[in-house]
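Residue numbers (the working numbering), protein chains in the order written: chain A, 13 to 160; chain B, 710 to 1118; chain C, 208 to 338; chain D, 184 to 295.
Note that CB positions come from ideal geometry on N, CA and C, so glycine has one too.
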């Protein structure tokens, strides 16, 4: 039992520290990491879209939406940085990386626009501000399907 | 109204156990990732905690002996100490996460970074433990936590096809794209969350704090049968709302703000206000529960005077443990750990320690030397025994699964 | 002469001590036996309570004895483990009731110390939360 | 001498047979009554063998009612313990406790 507690503590400490990012040795591994990144980006983009729809439909609760959207903006930027820090194994990987990076960059730009609008208190019309995210989301989902 | 107020101990215990920060996120994430395929685990957990909390409450009412005293009496000083160390560690992690959860809940309204609010939240939790009467603690945070019922409203407003929702929950399977290990890991997290040991520490100590006696056994049952199913219902509603609103859009939940999103989108402003109040009350309630449990478990193992039913100076070692636990947890939260991760690990780890707490309860609830003629009936024993076996299996499987799935990711 | 049978491990050790005012004041951590009498019988001379005695139970006798001496030195009125003469035991049930005030028990030394040096200084420590 | 000096000590009977460890001590309250205080508790016997956990749980002696599978297991284990009258024990400071009698002469546990 004591051993178990110690083991658990070790696992816990390991897990609470930041996620390690290793270099990808093969194209397959690189592709898998790209897909995971794209999936989490879809989650962020769709969260922001839902937030925009909610804000536009119901008005109010600006502070909450601000926190929600800026958290997702951070998550998205973090995902992009992490992915950039992974070395591509070959030329196919380079192309794949560039494709994903572009999609992430576009999504990030549009999420930032939503966050800015929220900070200015522009809740009405938020749906329009968020509308480019539809294409970003579709692109990321396509990426997941093509490479998943 | 008076009757309603008497079941607040059960409600607060359940709210703090079922929809505290870890469960808010775990349930929403489970709904978003596994749809309703883990709903059965919540149901299994509710039955388990109802059975064992009723025993713990009955033992406390009949013999005035709270759970951690039983742990030491039946496991002995050595195994009792192992359980104390494990429970205290889990409790501490949970307390850390809850204090952070309170801060995050406030930050969603105040637009201040939650890190700045942590010291304030730590002080608030301590102040309430120091000054607020036990019954008022139950009423304020237990009843305010019921604002989370807005998740039920959300599900109802989405107007799902109830038949298919029920079918989905009744015929669980591992969804495509998920490994059986992750499924099992999440299942254990939800089960561990439903049966976290601090619930019985708090509930049984609360029964002694409120001076329950043999005459209050009906009250004990009412608290258990109302509180825990209510907590279970809220966590199912949370899961369903994520399943209905977030999953179709490909959203996976990893922070507290996202948990409230289905309500914000479906119900609107008032709903969001309710959910934020609910999250605040539930995390605050859980912080009280775990902060007090830290003091309860240590004091009851060592035989110190404990409790809010005496003046603080008469239970000074107990209050010192509580203060140090809150202080340590606040500092740990300030160090920048991800509160959601901390709490997810703490509920999974608590699954590993469960049998050491529930086994002594089951034995004492059958011991006429403590219970007189109020020992368990046959049916209760049958269910209690089956759960004990499940607890042992779950406990053995927990750590390997944690390693295989790298924490469910 | 037949008397009540009591199993030390099952019914006495690790049980809660309660003083005559109802205050909780330690556990039965160990039992001290008297020297054999003329008939060769030994009796329970005292209950031992406190971390020093507890460590003896968990197989850390040396550490426990050190802790005892440390506590006895550190607190002016400390003596650990506290020896509660069996004559002060009033009742043995699911807890053990003592015919004494916990203020007079040395296992209370650390409680007194924490009270007088820490908790007692915090505003509100003398007030029951219900008032 | 403390009771913890006896607990967990191995016990060997007069023929050198190992009987297990001391898991409990039986006391009898038959000392002279002393006013309002409790009559003294006399060391009467050691409970030897039967498994540490099962003797600690007391399924047999306390007639713990259930659950049936646990009762069956732990009560059976506990009943394997033998009761060694105190006057049969040669008290030493260390090592195993030696008995003056053989195993066959020792009774089992009774319900309380």
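With the criterion set as a beta carbon lying under 7 Å from some beta carbon of chain B, the members of the region 290-324 of chain C are 301, 317, 318, 321, 322, in sequence order. Residues of the region 239-250 of chain D that bring their beta carbon within less than 7 Å of a beta carbon in chain B comprise 239, 240, 245, 246, 247, 248, 249, 250, in sequence order.
In the structure shown, residue 134 (chain A) adopts coil according to DSSP, grouped into three states. Under the three-state reduction of DSSP output, residue 242 (chain D) falls in the coil class, being neither helix nor strand. The way I'd put it, the region 1097-1111 of chain B doesn't touch the region 270-279 of chain D; fewer than three beta-carbon pairs between them come closer than 8 Å. Listed along the chain, the chain C residues whose CB falls inside 7 Å of the CB of residue 839 (chain B) are 331. Between residue 126 (chain A) and residue 50 (chain A), the gap from beta carbon to beta carbon reaches 8 Å or more.
Membership of residue 92 (chain A) in the alpha helix (DSSP H) is indicated by the continuous run 74-96.
Residue contact check for residue 228 (chain C) against chain B: no CB pair falls below 8 Å. Secondary structure note for residue 324 (chain C): its alpha helix (DSSP H) is the uninterrupted segment 316-324. Annotation for residue 900 (chain B): 750, 753, 754, 1060, 1103 place their beta carbon closer than 7 Å to its own, counting only its chain and skipping 5 residues before and after. Contact of residue 268 (chain D) with chain B by beta-carbon distance below 7 Å is absent, the smallest such distance being about 24 Å.
Looking at the backbone, the Cα of residue 266 (chain C) and that of residue 87 (chain A) are separated by about 52 Å. The beta carbons of residue 971 (chain B) and residue 730 (chain B) sit no closer together than 8 Å. Close CB contacts of residue 990 (chain B) within its chain, under the 6 Å cut and outside five residues either way in sequence, are with 850, 853, 854 (chain order).
Residue 290 (chain C) is bridged by DSSP to C:255. Residue 310 (chain C): not part of any beta strand (DSSP E); DSSP gives it neither H nor E. Apart from sequence neighbours up to five positions away, the residues of its chain that approach residue 283 (chain D) with a beta-carbon distance below 7 Å are 197, 271, 273, ordered along the chain.
For residue 952 (chain B), the secondary structure class from DSSP, reduced to helix, strand or coil, is helix. Beta-bridge analysis with DSSP links residue 204 (chain D) to D:193. In this structure, residue 262 (chain D) keeps its C-beta atom at 8 Å or more from the C-beta atom of residue 200 (chain D). Of all residues in the region 253-283 of chain C, those with a C-beta nearer than 8 Å to a C-beta of chain B are 256, 258, 261, 264, 265, 266, reading in chain order. Under the Cβ distance rule, residue 327 (chain C) counts among the residues neighbouring chain B, one pair being separated by less than 8 Å. Annotation: Cβ neighbours of residue 249 (chain C) in chain D (cutoff 7 Å, chain order): 226. Looking at the DSSP output, residue 226 (chain D) sits in a beta bridge with D:210.
Residue-level contact check: residue 253 (chain D) does not touch chain C, since none of the beta carbons of chain C fall below 8 Å from its beta carbon. One Cα belongs to residue 67 (chain A), the other to residue 816 (chain B), and the distance between them is close to 18 Å. Shown here, residue 276 (chain C) sits in a helix according to DSSP, grouped into three states.
With respect to chain B, the C-beta atom of residue 118 (chain A) has no partner C-beta closer than 8 Å. Note on geometry: alpha-carbon atoms of residue 327 (chain C) and residue 227 (chain D) lie some 46 Å from one another. Contact with chain C is absent for residue 281 (chain D), since none of that chain's Cβ atoms lies less than 8 Å from the residue's Cβ. Judged by DSSP in its simplified three-state form, residue 232 (chain C) adopts strand.
Across the structure, residue 823 (chain B) and residue 1045 (chain B) are spaced so that their CA atoms are roughly 11 Å apart.
Closest option to residue 241 (chain C), judged by alpha-carbon separation, among D:250, D:268, D:186: D:186. Here residue 996 (chain B) is near residue 811 (chain B), since their CB atoms are less than 8 Å apart.
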